[in-house]
Amino acid sequence: MVALSLKLHGWQMTLIVGALLLAMGIGLVVFAMPKRSGKQPAFLRRDAAFVPYPAICLVFVAFGAALIISSIV
């Protein structure tokens, strides 16, 4: 396995991690959207996944946006 040695400053790493978290949050939202027929994805049909899923998506989007904003300012 080849290790990448990137010499990044703190704000660059924060920007990259923030962008990844934001992309994951948006990806989770898109993944959970109902199909054209109106059917929910199989994992959201159970109450155990239906309740915490929006909170998890919100956490990823919020932390990603906060990291991006803090790295820019």
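Heads up: the sequence shown begins at 29 in the working numbering, then just goes up one per residue. Glycine included, every Cβ here is placed at the ideal spot set by N, Cα and C. Bear in mind that the values here come from a model prediction, so they are computed numbers and not experimental data.
Assigned secondary structure, residue i (DSSP; H/G/I helix, E/B strand, else coil)
i: P69; result: coil
i: L36; result: coil
i: M52; result: helix
i: A60; result: coil
Distance, residue j Cα to residue i Cα
i: L56; j: C85; result: 6 Å
i: A70; j: A83; result: 18 Å
i: G46; j: L72; result: 26 Å
i: I54; j: A90; result: 11 Å
Nearest candidate by alpha-carbon position, reference residue i, set the options
i: F78; options: G92, P62 and S99; result: P62
i: I97; options: L50, R74 and L36; result: L50
i: P80; options: A60, T42, L48 and S99; result: A60
i: L88; options: M52, T42 and Q68; result: Note that residue 88 corresponds to Phe in the displayed sequence, not to Leu. For the residues M52, T42 and Q68, the minimum Cα distance to F88 belongs to M52.
Cut-off 6 Å between Cβ atoms - residues of its own chain near residue i, not counting five sequence neighbours on either side
i: Q68; result: P62
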